[in-house]
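Let me begin by presenting the structure, written as structure tokens, before commenting on it.
Numbering (our numbering), first residue to last: 112 to 400.
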């Protein structure tokens, strides 16, 4: 599957498109199932190399439709990406934080269960999802610190980088330019605190269950980095699973039309109840050392 295949999947219009800020990219698509609720909520964060030219919230709309059909509300967020004013550090991260916390406002108008919120992100959005789940660990005084972040029950990272200091040349080679150093405004040597405050592996323990998903043919996130993260998270005391799905690549794992979807949907349902999926490799026992 290619990015174009993912973007061409059929989708329904959202129930509501809601602005959480004043920028054109500060909005989200809200989908709410029929019935009285309150409904559990999944926050969806799309990927696209952090670039406005590559992807948008449109990419995960089919996933939002699929979850809505199963009784789960979705808040599919857009955020400022490279190529837009004030994107990068700290604007992109603050957008994700504000959009997630905006669920408190949405819950005043819609039947949303804020006690059952899970964040799911794909690719660059997987990185942002893990960061959003780690926000309670961001040091006070950091440019991306915000008080009283919305608690979440768990997070799913679909092939997103969890350590921004690792494989920079690999990510930038696939994305076409200096995307990581542009996003964070420098290298790990010149702005080490930004990398520390943006990388989930530097913020452990996150204190919530985490599921990392890779396809067997994944090319963006080296499997050894995901394994290293899972070991570190487990050592820090976090519940974590790494699931590697055979015979699929980077984009199938974000498609509700792919064979991978039942496993992903099951993992999301489990996290809404605070449970890890039973399959997959644990952070320590199932991984090579």
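Quick reminder that beta carbons are idealized off the backbone N, C-alpha and C, glycines included.
If you reduce the DSSP assignment to three classes, tell me which class residue 385 lands in. coil
Starting from residue 340, trace the alpha helix (DSSP H) in both directions and tell me its first and last residue. 334-346
Across the segment 346-355 and the segment 314-325, are there enough close Cβ pairs to call them in contact, namely three or more that are closer than 8 Å? yes
Under 8 Å between the Cβ atoms of residue 353 and residue 341? yes
Touching by the beta-carbon criterion (3+ pairs, under 8 Å), the segment 226-246 and the segment 147-156: yes
Identity of the residues DSSP links to residue 187 by a beta bridge: 140, 155
Check whether the Cβ atoms of residue 293 and residue 193 lie closer than 8 Å to each other. yes
Among the residues of its own chain, which have a CB less than 7 Å from the CB of residue 383, if the five just before and after it don't count? 151, 227, 229, 264
Exposure label - residue 370; buried when at least 16 CB within 10 Å: exposed
Going by the CB atoms, is the gap between residue 231 and residue 273 shorter than 8 Å? no
Taking C-beta to C-beta, are residue 361 and residue 245 nearer than 8 Å? no
Under three-state DSSP, which class holds residue 148? coil
State the start and end residues of the unbroken alpha helix (DSSP H) segment that holds residue 123. Where residue 123 is concerned, there is no enclosing alpha helix (DSSP H), given that its DSSP letter is neither H nor E.
Can you name the residues that DSSP bridges to residue 269? 233, 324
DSSP state of residue 441, grouped into three classes? This structure does not reach residue 441, given that the chain is present from 112 up to 400, and the question cannot be answered.
Roughly how many whole angstroms lie between the Cα atoms of residue 344 and residue 337? 10 Å
Which value, in whole angstroms, describes the spacing of the CA atoms of residue 248 and residue 296? 21 Å
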